Amino acid sequence: MPSRGKSSNEPFRWDLVGPDPLGRLLEDSAPPSLWFLDALVACAAKVVARSHDGRLVFVGRSADSIFDLLSGVFAGSSRRDHLGRLPFSFRGDASTLSRREVREARVLLAACGAAPEEMARAPRPVTFVDLVARGYTFTNLYRLLRAWSDERKRPWAELRRKVRFVGITIRTKTSPKTWRWHQHADWTTELTARSVANVSLDERVWCYLGNDQPKLTRSFRPELWVLREADGPQHDDATRRALAEAVAVVAAGRSRQTKMALRRVLMREPAYARPWLRALVTELRTSGAGA
17 MPSRGKSSNE PFRWDLVGPD PLGRLLEDSA PPSLWFLDAL VACAAKVVAR
67 SHDGRLVFVG RSADSIFDLL SGVFAGSSRR DHLGRLPFSF RGDASTLSRR
117 EVREARVLLA ACGAAPEEMA RAPRPVTFVD LVARGYTFTN LYRLLRAWSD
167 ERKRPWAELR RKVRFVGITI RTKTSPKTWR WHQHADWTTE LTARSVANVS
217 LDERVWCYLG NDQPKLTRSF RPELWVLREA DGPQHDDATR RALAEAVAVV
267 AAGRSRQTKM ALRRVLMREP AYARPWLRAL VTELRTSGAG A
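Be aware that the sequence shown starts at 17, since it is given in the numbering used here, and climbs by one per residue.
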């Protein structure tokens with residue numbers, strides 16, 4: 017597995033599966049209400065199934081709870097290194113980024129295994145995951161990757177099979193007139209037919225994760241990419257609430273109940289016919305039995 021690390025100024029976030037000590041930070045915290053857990057489990061399972069066995073890279077902060085849940089599910093399994101985060105928040109136009117900002121964006125991409133050279137030789141694709149409304153963040157990521165590939169003289173025909181995008185959208189009634197973000201993003205036609213997928217999520221849960229949920233990290237916008245000051249852990253009330261919820265989500269992911277619920281959703285997905293997903297379902301059954 018290629019080594020990956022943080023860029024020098026990425027926002028601090030606790031490793032909730034590893035050895036990061038929390039000390040007495042949550043000693044007085046009330047147990048969080050994971051009212052959204054069932055919807056989160058179903059969504060996480062579909063994200064995995066529709067990743068085409070890609071390494072999941074969660075963009076920004078909106079889908080942090082899905083990352084945390086799967087971190088708990090996959091802890092100690094063969095897929096524990098198949099998860100990553102990309103601290104990236106930018107809804108503008110990638111063409112307006114300065115040369116320095118582009119350089120720092122590439123540092124962030126390289127840190128999560130998405131440099132052109134690494135993607136070209138990686139055994140599995142990189143699958144970017146994010147909550148999507150209009151798809152602006154995915155559009156900017158794609159343009160940065162494509163420009164970087166062209167600059168390195170990497171044939172896009174080679175790399176287009178090594179990148180995937182899974183958008184988590186608000187669940188709506190399906191009709192021919194339903195607005196779908198990927199149908200209005202012209203760059204998606206430059207990828208393979210399987211490279212863009214969607215997972216729908218209940219509107220209340222989507223809005224909580226995307227708009228209302230307290231987050232463990234600051235939003236990482238372009239003006240912060242170029243700074244050299246790294247932040248440390250925060251201990252304010254909002255951060256402690258976010259931390260308590262994230263810790264509870266990871267713990268839920270480790271539980272047998274969650275692993276079995278995840279398995280049930282995975283087995284209903286069309287991708288269950290693929291050997292990689294059948295192997296994962298078998299591994300979850302084994303690890304769930306001992307949880």
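Every residue gets a Cβ at the ideal spot worked out from N, C-alpha and C, and that includes glycine. Note that the structure is predicted; figures quoted are calculated from it, not measured.
Which class does residue i belong to by DSSP, given the choice of helix, strand or coil?
{"i": "L102", "result": "strand"}
{"i": "R294", "result": "helix"}
{"i": "R272", "result": "helix"}
{"i": "S216", "result": "strand"}
{"i": "L50", "result": "coil"}
{"i": "L72", "result": "strand"}
{"i": "G39", "result": "coil"}
{"i": "G183", "result": "strand"}
{"i": "H198", "result": "helix"}
{"i": "V242", "result": "coil"}
{"i": "P286", "result": "helix"}
{"i": "V123", "result": "helix"}
{"i": "F90", "result": "helix"}
{"i": "R301", "result": "helix"}
{"i": "K178", "result": "helix"}
{"i": "P18", "result": "Per-residue confidence for P18 stands at a pLDDT of 38, beneath the threshold of 50, marking its modelled position as unreliable; no derived number is given."}
{"i": "V33", "result": "coil"}
{"i": "N25", "result": "coil"}
{"i": "T208", "result": "coil"}
{"i": "S67", "result": "coil"}
{"i": "F236", "result": "coil"}
Is it right to say residue i is buried, meaning 16 or more other beta carbons lie within 10 angstroms of its own, or is it exposed?
{"i": "D202", "result": "exposed"}
{"i": "L72", "result": "buried"}
{"i": "R39", "result": "The sequence as given places Gly at residue 39; Arg does not occur at that position. G39 is exposed by the Cβ-count criterion."}
{"i": "W241", "result": "buried"}
{"i": "W292", "result": "exposed"}
{"i": "H98", "result": "buried"}
{"i": "R101", "result": "buried"}
{"i": "E206", "result": "exposed"}
{"i": "A295", "result": "exposed"}
{"i": "L243", "result": "exposed"}
{"i": "N25", "result": "buried"}
{"i": "G129", "result": "buried"}
{"i": "G76", "result": "buried"}
{"i": "A262", "result": "buried"}
{"i": "A289", "result": "exposed"}
{"i": "A173", "result": "exposed"}
{"i": "A65", "result": "buried"}
{"i": "R20", "result": "Residue confidence is low: R20 scores 47 on pLDDT, short of 50, so the model does not pin down where it sits. Its coordinate-derived value is still stated next. Classification for R20: exposed."}
{"i": "K275", "result": "buried"}
{"i": "P141", "result": "buried"}
{"i": "R29", "result": "buried"}
Under 9 Å, do residue i and residue j count as touching if we go by C-beta distance?
{"i": "L147", "j": "S78", "result": "yes"}
{"i": "V182", "j": "V63", "result": "yes"}
{"i": "F83", "j": "T153", "result": "no"}
{"i": "R5", "j": "V89", "result": "Not covered by the structure: residue 5. The range shown for the chain is 17 to 307."}
{"i": "S3", "j": "P132", "result": "Past the edges of the chain, shown from 17 to 307, lies residue 3, and the structure says nothing about it."}
{"i": "G248", "j": "W197", "result": "no"}
{"i": "E120", "j": "P238", "result": "yes"}
{"i": "A268", "j": "L85", "result": "yes"}
{"i": "T143", "j": "G70", "result": "yes"}
{"i": "L41", "j": "H251", "result": "yes"}
{"i": "A277", "j": "S67", "result": "no"}
{"i": "A55", "j": "V281", "result": "no"}
{"i": "S111", "j": "R159", "result": "yes"}
{"i": "V265", "j": "L50", "result": "yes"}
{"i": "A149", "j": "G226", "result": "yes"}
{"i": "L175", "j": "A136", "result": "yes"}
{"i": "V297", "j": "C59", "result": "no"}
{"i": "A163", "j": "V118", "result": "yes"}
{"i": "F309", "j": "L157", "result": "With the chain covering 17 to 307 only, the question about residue 309 has no answer from this structure."}
{"i": "R310", "j": "S211", "result": "Nothing in the structure corresponds to residue 310, since the chain is present only between 17 and 307."}
{"i": "L125", "j": "L161", "result": "yes"}
Which runs of the alpha helix (DSSP H) fall wholly inside the stretch 130-169 and span at least 4 residues, in chain order?
-> 132-137, 152-167
The stretch 34-54 / the stretch 251-261 touching (three or more Cβ pairs under 8 Å) = yes
Stretch-stretch touch, CB-based, cutoff 8 Å, three pairs: the stretch 210-230 with the stretch 174-189 | yes
Taking one C-beta from the stretch 281-288 and one from the stretch 87-96 each time, how about it: are there three or more such pairs within less than 8 Å?
-> no
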